[in-house]
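Q:
Chains as they are written, first to last, in our numbering: chain A, 110 to 220; chain B, 929 to 1041.
(1) Taking 8 Å as the threshold, find out whether the stretch 158–176 of chain A comes into contact with the stretch 185–195 of chain A through three or more Cβ pairs.
(2) For the candidate residues B:1022, B:940, B:1010 and B:957, whose alpha-carbon lies nearest to that of residue 949 of chain B?
(3) Which residues, in chain order, does the stretch 152–179 of chain A contribute to contact with chain B at a C-beta distance below 9 Å?
(4) Cα-Cα, which of A:187, A:167, A:156 and A:163 is closest to residue 177 of chain A?
(5) On a Cα-Cα basis, can you pick out the residue from A:147, A:179, A:122 and A:151 that is closest to residue 200 of chain A?
(6) From what residue to what residue does the beta strand (DSSP E) around residue 983 of chain B run?
(7) Does the beta carbon of residue 211 of chain A sit closer than 8 Å to a beta carbon anywhere in chain B?
(8) Helix, strand or coil for residue 193 of chain A? Go by DSSP, reduced to three states.
(9) For the beta strand (DSSP E) containing residue 994 of chain B, name the first residue and the last one.
(10) Thinking just about the alpha-carbon of each residue, which of B:962, B:971, B:978 and B:956 is nearest to the one in residue 986 of chain B?
Here it is as structure tokens:
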């Protein structure tokens, strides 16, 4: 069966520090991969999605970047975090017309 | 640009009552999804609706899709407290880079005893 792992679960970082969030999927090949951010009490904002290794589509200009070094690995990064980067970050995968499957999320607090 | 709207955004209802959540979207799509999110948790897939007239039911929830009206509904029958959560609809679109999903803002449901 397919599983998705996302870590860390929680993270507290100072303003201006770097960021690396990782997401891996098991049990499927060539999935579409997605990074979302959710502010408290709000909906989902799509940040990046990828249909293959090295293929990243950015939806929102910002100080974040994404990479897909392997088929089932998706990384979200930042060189310098801003206060506005706080939120709940969700990774998801999908194949074909099936619904997205979400990881457990990373709760990021910027101090 | 595809836009997805939901109403109501907040819903407080008593146990045992029925209610419907509406999801409207702005451009043609034949794939619509409903998700549930519990507070502080991730999203869980509820329904996949793949064609006009599709109806899916699970327990006290029933979802339907009208692609001509660009409308999906999530009907709640005889609500119970365990249904309290935020419900999102999402519409799939095809882009140059593959399939993308656009989410509605969510409907926060509170079922009161």
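No residue lacks a Cβ here, since even glycine has one placed at the ideal position from N, Cα and C. Treat the numbers as computed from the prediction; the structure is a model and nothing was measured.
A: So, from the data block:
(1) yes
(2) B:940
(3) 152, 153, 154, 155, 158, 159, 160, 161, 164, 165, 166 and 168
(4) A:163
(5) A:147
(6) 983–986
(7) yes
(8) helix
(9) 989–994
(10) B:962
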